[in-house]
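Number 66 in full-length UniProt numbering belongs to position 66 of the sequence shown; there are no gaps in the numbering. Where is the CB? At the ideal position from N, CA and C, for every residue including glycine. Only a predicted model underlies this, so the values are computations on that prediction, with no experimental measurement involved.
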Amino acid sequence: MVPTHLLLLPELPLTPSGKLDRKALPAPDSSHLQARYRAPHSDVEICLAAIWQEVLHAQQVGLDDHFFELGGHSLLAAQVIARIKTRLGISLPLRTLFEKPLLSDLAFEVAALTDNTTDNDWSDMDQFMDSLEEFGA
């Protein structure tokens with residue numbers, strides 16, 4: 001099991017038999033994660049936020065959210081990378097999510113790759129048009 005939240009306590013609550021009293025543990029406070037919410041705006045940001053919401057079972061994901069602070073781990077990261085490939089047609093190495101765990105940073109990376117792909121498509125079209133001009137078409 002991978003914990004989604006860590007909480008420091010001065011001491012652990014114990015049952016009369018000396019075992020951990022799980023029912024007496026305080027609920028984790030995740031309010032600090034929602035305090036700095038910035039909504040996604042671009043198509044890539046919105047798509048990535050939707051993927052994170054699905055994979056992390058989160059209600060809301062913003063640009064400043066950190067994948068691993070929201071409960072992400074390596075297996076979920078692999079799911080995110082696979083869904084990016086399926087929905088956006090972009091292959092990313094798994095390490096990309098570890099290097100860019102903020103949604104805004106990952107979106108910037110994906111958008112840059114999308115732009116490069118688009119540029120390559122136009123360069124292919126330019127080459128095709130040049131070949132047609134050579135034949136006098």
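| Asked | Found |
| --- | --- |
| Closest by C-alpha distance to LEU113, when choosing among LEU56, GLU134 and LEU88 | LEU88 |
| Contained beta strand (DSSP E) runs [length at least 3] in the UniProt domain "Carrier" (39-114), N- to C-terminal order | none |
| Cα-Cα separation, residue 144 to LEU20 | Here the chain covers residues 1 to 137 and nothing more, so residue 144 does not appear. |
| Beta-carbon proximity list for ARG83, same chain, < 6 Å, skipping 5 on both sides | ILE51 |
| Helix, strand or coil at LEU132 according to DSSP, with G and I counted as helix | helix |
| Close-in-space but distant-in-sequence residues of the same chain around PRO13 (CB under 7 Å, 5 per side omitted) | ASP21, ALA24 and LEU25 |
| Classification of LEU77 by the beta-carbon crowding that lies within 10 angstroms, buried from 16 upward | A small correction: the amino acid at residue 77 is Ala; Leu does not occupy that position in the sequence shown. So ALA77 ends up on the buried side. |
| Alpha-carbon spacing of LEU6 relative to ASP115, whole angstroms | 39 Å |
| Alpha-carbon spacing of ARG95 relative to CYS47, whole angstroms | 20 Å |
| Nonlocal neighbours in the same chain, by C-beta distance under 8 Å from ALA39, ignoring five residues either side | GLY62 and LEU63 |
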